[in-house]
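For the sequence shown, position 148 (counting from the first letter as 1) is numbered 206 according to our numbering, and the numbering increases by one without interruption.
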Amino acid sequence: MKYAVFGARGRMGSSVTREARAQSVLLTALLDCDSQMEIPTGTDVVLDFSSPTAWADLDKALSGSPAALVSGTTGLDDACRAMLERWSRERAVFYSSNMCTGVFVLNRLVRQARAMLGEGFDVELVEIHHRNKVDSPSGTALALLEGSEGKVVFGRRGNTGVRSGGEVGVHSLRGGDVFGEHQVHLLGQGERLCLTHMTTDRSVLALGALRAARFIAGMAPGLYGMEDMLGHGS
59 MKYAVFGARG
69 RMGSSVTREA
79 RAQSVLLTAL
89 LDCDSQMEIP
99 TGTDVVLDFS
109 SPTAWADLDK
119 ALSGSPAALV
129 SGTTGLDDAC
139 RAMLERWSRE
149 RAVFYSSNMC
159 TGVFVLNRLV
169 RQARAMLGEG
179 FDVELVEIHH
189 RNKVDSPSGT
199 ALALLEGSEG
209 KVVFGRRGNT
219 GVRSGGEVGV
229 HSLRGGDVFG
239 EHQVHLLGQG
249 ERLCLTHMTT
259 DRSVLALGAL
269 RAARFIAGMA
279 PGLYGMEDML
289 GHGS
């Protein structure tokens, strides 16, 4: 397999590059917005860990290549999501806001717990990241909120009144070098359940991205995610 890395000088791009080289993966290009935006012929998969503002350049690069795409870029807006949909009609696209298998399991556990516990338990979500993270809340936090039918409140201040039924509170902490932690608190009468996932090393995300690249190489056009990959036991 031949891979190219987009956003290669960023924290995650650098980590993906290191892990790819450790696995003796052939890298055809290390791309950044201020470098030549051309994906070499023969590239099987492009791994993207950049930013939404860089996606116009990524779009141009992909237009000249049939390569599949693996992306873990977070903070996507509606325009970016429309790009994902369009790209997935042309090539295989794997997208996940978090490449950790443990986060995938956390998502499953949260959904199951909420269904079993019912409306008698309030839900609060806390996510913690390093001081340099630019988007808030994290993409993983937003994914954990998918399916929530109640009102989502991002932080609280002042006289907010009594907590409404079905409300979900989301709280973002930023500081230090915390790579990533997500806590889902389910609070009932006389008891509380807390489901937590902590990422202690950036390399686990890089390894997950490389696993996704192996999974998606040669796949038919479409939008794929962790559910598809783990369901195949790759």
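Glycine is no exception: its CB is placed at the ideal position from the N, C-alpha and C atoms.
Just so you know, these numbers come straight off a predicted model, no measurement behind them.
Short Cβ contact (7 Å threshold) for residue i with residue j
i: Val242; j: Gly227; result: no
i: Phe107; j: Gly160; result: no
i: Met323; j: Ala264; result: Nothing can be reported for residue 323, as the shown portion of the chain is limited to 59 through 292.
i: Gly178; j: Gly246; result: yes
i: Gly266; j: Met157; result: yes
i: Phe64; j: Leu84; result: no
i: Ala199; j: Leu183; result: yes
i: Val181; j: Leu202; result: no
i: Thr254; j: Phe237; result: no
i: Ser261; j: Ser82; result: no
i: Leu231; j: Ile186; result: yes
Neighbourhood of residue i by C-beta distance below 7 Å, restricted to the same chain and skipping five residues each side
i: Gly213; result: His229
i: Ser146; result: Pro279, Gly280 and Leu281
i: Asp102; result: Met59, Lys60, Tyr61, Ala125, Ala126 and Ala275
i: Gly233; result: Arg189
i: Gly291; result: Any answer about Gly291 is weak, because its pLDDT of 45 lies below 50 and its placement is not dependable; what the coordinates show is given next. For Gly291, where only same-chain residues beyond five positions count, there are no Cβ hits under 7 Å.
i: Met141; result: Trp113 and Asp117
i: Asp115; result: Cys91 and Met95
Distance between beta carbons of residue j and residue i, contact taken as under 8 Å
i: Ala150; j: Ile274; result: 5 Å
i: Ser196; j: Thr132; result: 7 Å
i: Ser154; j: Gly130; result: 6 Å
i: Gly304; j: Lys209; result: In the structure as shown, the chain starts at 59 and stops at 292, and residue 304 therefore has no counterpart that could be examined.
Residues near residue i in its chain [Cβ-Cβ closer than 6 Å; skip 5 each side]
i: Ala112; result: Cys91
i: Pro98; result: Thr86 and Ala87
i: Phe152; result: Val128, Ala270, Ile274 and Tyr282
i: Leu251; result: Leu244
Residues near residue i in its chain [Cβ-Cβ closer than 8 Å; skip 5 each side]
i: Asp136; result: none
Touch check for the segment 277-290 and the segment 189-199: three-plus C-beta pairs under 8 Å? no
Threshold first: 4 residues or longer. Then list the alpha helix (DSSP H) segments lying entirely within the segment 113-156, N to C. 113-121 and 136-148
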